[in-house]
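Protein sequence lines correspond, in order, to chains A and B.
According to the numbering used here, the first sequence is numbered sequentially starting from 1.
According to the numbering used here, the second sequence is numbered sequentially starting from 357.
Note that the Cβ used here is the ideal one computed from N, Cα and C, for glycine as well.
2 protein chains.
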Amino acid sequence: MKKHNFSAGPCILPQEVLKKAAEAVENFNDLNLSLIEISHRSKDFVDVMEKARSLVKELLKLPEGYSVLFLGGGASLEFLMTAYNLLKVDGKAAYLDTGAWANKAVKEAKLLGEVDVVASSKDKTYNYIPKNYTIPADADYFHCTSNNTIYGTQIKDFPKPEGLLVCDMSSDIFSREMDFSQFDMIYAGAQKNMGPAGTTLVVVKDEILGKTGRTIPSMLDYQVHISKDSMFNTPPVFPVYVSMLTLEWMKELGGIAAIEKLNEAKAAILYAEIDRNPYFKGFAEVEDRSLMNVTFNLTNEDDKEAFDKIWNAAGISGIKGHRSVGGYRASIYNAMPIESVQVLVDAMQQLEKQLS
Amino acid sequence: MKKHNFSAGPCILPQEVLKKAAEAVENFNDLNLSLIEISHRSKDFVDVMEKARSLVKELLKLPEGYSVLFLGGGASLEFLMTAYNLLKVDGKAAYLDTGAWANKAVKEAKLLGEVDVVASSKDKTYNYIPKNYTIPADADYFHCTSNNTIYGTQIKDFPKPEGLLVCDMSSDIFSREMDFSQFDMIYAGAQKNMGPAGTTLVVVKDEILGKTGRTIPSMLDYQVHISKDSMFNTPPVFPVYVSMLTLEWMKELGGIAAIEKLNEAKAAILYAEIDRNPYFKGFAEVEDRSLMNVTFNLTNEDDKEAFDKIWNAAGISGIKGHRSVGGYRASIYNAMPIESVQVLVDAMQQLEKQLS
Numbered sequence: 001m002k003k004h005n006f007s008a009g010p011c012i013l014p015q016e017v018l019k020k021a022a023e024a025v026e027n028f029n030d031l032n033l034s035l036i037e038i039s040h041r042s043k044d045f046v047d048v049m050e051k052a053r054s055l056v057k058e059l060l061k062l063p064e065g066y067s068v069l070f071l072g073g074g075a076s077l078e079f080l081m082t083a084y085n086l087l088k089v090d091g092k093a094a095y096l097d098t099g100a101w102a103n104k105a106v107k108e109a110k111l112l113g114e115v116d117v118v119a120s121s122k123d124k125t126y127n128y129i130p131k132n133y134t135i136p137a138d139a140d141y142f143h144c145t146s147n148n149t150i151y152g153t154q155i156k157d158f159p160k161p162e163g164l165l166v167c168d169m170s171s172d173i174f175s176r177e178m179d180f181s182q183f184d185m186i187y188a189g190a191q192k193n194m195g196p197a198g199t200t201l202v203v204v205k206d207e208i209l210g211k212t213g214r215t216i217p218s219m220l221d222y223q224v225h226i227s228k229d230s231m232f233n234t235p236p237v238f239p240v241y242v243s244m245l246t247l248e249w250m251k252e253l254g255g256i257a258a259i260e261k262l263n264e265a266k267a268a269i270l271y272a273e274i275d276r277n278p279y280f281k282g283f284a285e286v287e288d289r290s291l292m293n294v295t296f297n298l299t300n301e302d303d304k305e306a307f308d309k310i311w312n313a314a315g316i317s318g319i320k321g322h323r324s325v326g327g328y329r330a331s332i333y334n335a336m337p338i339e340s341v342q343v344l345v346d347a348m349q350q351l352e353k354q355l356s
Numbered sequence: 357m358k359k360h361n362f363s364a365g366p367c368i369l370p371q372e373v374l375k376k377a378a379e380a381v382e383n384f385n386d387l388n389l390s391l392i393e394i395s396h397r398s399k400d401f402v403d404v405m406e407k408a409r410s411l412v413k414e415l416l417k418l419p420e421g422y423s424v425l426f427l428g429g430g431a432s433l434e435f436l437m438t439a440y441n442l443l444k445v446d447g448k449a450a451y452l453d454t455g456a457w458a459n460k461a462v463k464e465a466k467l468l469g470e471v472d473v474v475a476s477s478k479d480k481t482y483n484y485i486p487k488n489y490t491i492p493a494d495a496d497y498f499h500c501t502s503n504n505t506i507y508g509t510q511i512k513d514f515p516k517p518e519g520l521l522v523c524d525m526s527s528d529i530f531s532r533e534m535d536f537s538q539f540d541m542i543y544a545g546a547q548k549n550m551g552p553a554g555t556t557l558v559v560v561k562d563e564i565l566g567k568t569g570r571t572i573p574s575m576l577d578y579q580v581h582i583s584k585d586s587m588f589n590t591p592p593v594f595p596v597y598v599s600m601l602t603l604e605w606m607k608e609l610g611g612i613a614a615i616e617k618l619n620e621a622k623a624a625i626l627y628a629e630i631d632r633n634p635y636f637k638g639f640a641e642v643e644d645r646s647l648m649n650v651t652f653n654l655t656n657e658d659d660k661e662a663f664d665k666i667w668n669a670a671g672i673s674g675i676k677g678h679r680s681v682g683g684y685r686a687s688i689y690n691a692m693p694i695e696s697v698q699v700l701v702d703a704m705q706q707l708e709k710q711l712s
């Protein structure tokens, strides 16, 4: 039975990417060797790493002066590395608290210096994005989370701080057009729109590094990784390769502009159904709704058993909401076909028919 | 043409592991979903992580009181984490310098406190393992590298320090029987004997943690990872899965005792040829020779072109020596069949015939 995979992450990847990835595990580049048993210093893998790095620059339309890294350790390690690399000794950082992940980033930064949380939407279980906050002019950087997977909120307009602008785009990178040069640093765990778990993308403006006055451990120092072309240590070969394949797939689709249109179409039909169908209600504030994670609840929690039966029968998986929010979360990342979203909409309409 | 893959790492993995891994990328556990597109919190993946952790305990015959972690970031991150977790504020650590990787470990530890390098074999390009050194009784821990990939040396007997015994076993874990309970902590990048690049195994005695007086960043804190069953953040799913498959393969072969016998047989025929064949000489001191990485040079460098032609024609790959040592390095990890070692021996004998 065909599965409709709404998992929040690790999540759906393009079928053709999965097929190519499986082939490479058995025989990569007709070498009669597996991708995962060759040296990362071999030309075959160096080409993969370089292609992945260059596709990121191309898709994000980055101007000169940015470096692209594929690191191990996960975005959670970037919470610490951001502060290590950008928070000056005796400096200050400003953070926007839009949920659990933003909070974790704050926690690690606090180990290295003063952190000013400029605004928070914790008062309403993070169902909105705070606005009209003030970023201290003397903050070394301002850190925000562009998309909040758990709550289904997304920042539409980014502030222009005096200091640097740093963004955790783990769950919506490559999903919408933007002037990415407004950011001084972007990071993103691969496991939503880019690839499998196990590598983290870092995009950083070279000129902002090396200015904190700190001694940075090698593995946490972006300048060290940049100087070694993202190969200071053995990189996570397979996750980087699958990321490269997914980046190629995005380029072939027409780049981020084309993908954004598809994402808008998918989100539109799902949010329309949530707003129309009296048995459901949206969780996030309408103006802050995410194009990636659509959170919604039943109007009447007693209908849970009936609805769960319907979507299970339809082959839908991964739509259980996060425990802090309850209800449902349909993650409709880049690789999710609109047909699967329609299957979910049909399931919601079936509940309505059944109960009316 | 069949390849004989002597790569130093990432390196050869068992064919049946590669086949299963490729299958899981297309359809995992008959879920009609790929391994890399399901939630790491799903039962299917939690089972993988738990099985991998438990197989490590079983194969290493660890007593109660040890935790097993599969982390991201690479063994290079453990250089830092070791010190963060075990080096007391105002404490001291002792390190044995047996090569480039040991050196890198020293460098990161020095950021956090006093480091005493108790002995070094740098004077002879690390072609031996120092012995008869003294470990200061007040050192919080002693750190060593069990196998030195670049130079082909291996520690046969480990000291019994007053403090903790910590070992980087990246390139020889699961290759030989030992009393692993003599170690307080072991770490190993997966990409030699355990799996693909992208995850690092950490085995640590619970009672040694939390005693440094330091505030440790979350991602660098073993206690944080242990408290979350090695899932504090999204783990490197594919590398962990392939590691689990390789651990299963090792168990089916008869465990480490059986594997050690095979490794000894492979190393024996190759070292015998190096010692017999007048056109070659070994690099490492005989008593410190590694069972994993066999380093050797041509007696006469002028024969390089002739020998390179012979082994290339035989389908051998990955035997170029590290630039700091030159010559050749045949890495004969667990998954390397004895047939491939014989092909290399044949190539060496062919050179002899050709030039005699």
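For this session: Return helix, strand or coil for B:A364, following the three-state DSSP convention.
Result: coil
Self-check item: Element boundaries [beta strand (DSSP E), containing A:V331]
Solution: Sequence inspection shows Ser at residue 331 of chain A; the Val mentioned does not correspond to that position. Per DSSP, A:S331 belongs to the beta strand (DSSP E) from Y328 to S331.
How would you write the range of the alpha helix (DSSP H) that A:K57 sits in, first residue to last? K43 to L59
field: Three-pair Cβ contact test at 8 Å for the segment 144–153 of chain A versus the segment 319–332 of chain A
entry: yes
Exercise. Which value, in whole angstroms, describes the spacing of the CA atoms of A:D184 and A:V68?
Worked result: 12 Å
- Query: For A:P14, which of B:G429, B:E393, B:D513 and B:Q579 has the nearest alpha-carbon?
  - Reply: B:E393
Inset, instruction - Using the Cα positions of A:D90 and A:I12, report the straight-line distance between them to the nearest angstrom. - result: 43 Å
Quick check: is the beta carbon of B:M357 nearer than 9 Å to any beta carbon in chain A? yes
| query | Going by Cα to Cα distance, which pick from A:E252, A:L112 and A:N132 is closest to A:S121? | reply | A:N132
Quick one: grab the DSSP three-state call for B:M541.
-> strand
Item to complete: Measure from the C-beta of A:I36 to each C-beta in chain B and report whether the shortest distance is under 9 Å.
Response: yes
> From this set, A:D30, A:F232, A:A52 and A:R289, which residue's C-alpha is nearest A:M244's C-alpha?
Replying inline: A:A52
Notebook entry, point to check: Quick one: what's got a C-beta closer than 7 Å to A:P136's C-beta in the same chain, skipping five residues either side?
Noted result: K92, A94 and D116
Collapsed DSSP secondary structure at B:I672 in the structure displayed:
strand
Neighbourhood of A:G65 by C-beta, 7 Å cutoff - its chain only, sequence neighbours within 5 removed:
K205, D206 and E207
(request) Would you please verify whether the beta carbon of B:A377 is less than 9 Å from any beta carbon of chain A? (result) yes
Requested in this report: Report yes if the C-beta distance between B:P486 and B:F498 is below 9 Å; otherwise report no.
Outcome: no
Counting C-beta neighbours from all protein chains within 10 Å, is the total for B:R532 16 or more, i.e. buried, or is it exposed? buried
Query raised in the report: A:Q154 by DSSP, collapsed to three states: which one?
Result: strand
Review point. Just the Cα atoms here: how many angstroms apart are B:I666 and B:E629?
Key: 16 Å
>> So within the segment 79–138 of chain A, which uninterrupted beta strand (DSSP E) runs reach at least 3 residues, ignoring any that extend past its ends?
In response: 92–97 and 114–120
What does A:F180 pair with, by DSSP beta-bridge criteria? According to DSSP, A:F180 bridges with nothing at all.
A:N147 (DSSP reduced to helix, strand or coil): strand
List, in chain order, every chain A residue whose beta-carbon is nearer than 7 Å to that of B:V593. P10, P196, A197 and G198
Compare the C-alpha of B:K460 against each of A:K19, A:M292 and A:S218 and name the closest. A:S218
Nearest-angstrom Cα separation, counted from B:P591 out to A:E114:
30 Å
Give a yes or no on whether the minimum CB-CB distance between A:V46 and chain B is below 9 Å.
no
#### Entry: C-beta neighbour in chain B for A:H40, strict 9 Å
yes
| said: Within 8 Å, do at least three Cβ pairs link the segment 580–596 of chain B to the segment 74–83 of chain A? | reply: yes
Could you tell me which chain B residues have their CB closer than 7 Å to the CB of A:Q191, listed as they occur along the chain?
T590
Comparing the C-beta of B:E464 with each C-beta of chain A, is any distance below 9 Å? yes
Worksheet entry | Delimiting residues of the alpha helix (DSSP H) encompassing B:Y597 | V593 to L609
Given A:A330 as reference, the closest of A:F307, A:G315, A:F296 and A:L33 once Cα atoms are compared
A:F296
Would you report the Cα separation of B:F435 and A:S34, rounded to the nearest angstrom?
-> 29 Å
Is the Cβ of A:K104 closer than 9 Å to any Cβ of chain B?
yes
Are the beta-carbon atoms of B:A662 and B:Q698 separated by less than 9 Å? no
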